[in-house]
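What follows is one structure encoded as structure tokens, with my remarks underneath.
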Amino acid sequence: MTHEEALHRLTEYLRFYHPRLTPEDLVISSVRGYWRTKEPCDSACRHPIHGTLGNRAPVYHTISFGEHGMRDRSGRFVRPYRVWEALHD
Numbered sequence: 683m684t685h686e687e688a689l690h691r692l693t694e695y696l697r698f699y700h701p702r703l704t705p706e707d708l709v710i711s712s713v714r715g716y717w718r719t720k721e722p723c724d725s726a727c728r729h730p731i732h733g734t735l736g737n738r739a740p741v742y743h744t745i746s747f748g749e750h751g752m753r754d755r756s757g758r759f760v761r762p763y764r765v766w767e768a769l770h771d
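Going by our numbering, the sequence shown opens with residue 683, and the numbers climb by one from there.
Structure (structure tokens):
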């Protein structure tokens, strides 16, 4: 997978699941499949974590992305974190 293909897959994932974020808003983690936001969230963030255990402070959100169960054209399973691997290198 090329860097451009991986970036496109990540962009599409973010557009669907995290529409307020773009790849430029994230920092890739050293843990496979994970990114975190560059800046802590603001007061407009409606993430459920802020309502649990009295957590009202801004936090750096963690985004996970893996393509589990995906197969290539020959029917073999592909590595679930190949997008992360292509962008991490």
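Positions of the beta carbon are idealized from the N, C-alpha and C atoms, including for glycine.
Please read these numbers as outputs of a predicted model, since none were measured by experiment.
Quiz item: For Trp717, which beta-bridge partners are listed by DSSP?
Solution: Answer by DSSP bridge pairing, in chain order: Ile710 and Ile745.
Quiz prompt | Arg753 - DSSP class collapsed to helix/strand/coil | solution = It is a strand residue.
Quiz item: Among Arg753, Gly751, Arg758 and Phe747, which residue has its Cα nearest to the Cα of Ala688?
Solution: Answer by Cα proximity: Phe747.
Exercise. Out of Ile710, Glu721 and Cys727, state which residue places its alpha-carbon closest to the alpha-carbon of Val765.
Key: Comparing Cα-Cα distances from Val765 to each of Ile710, Glu721 and Cys727, the minimum goes to Ile710.
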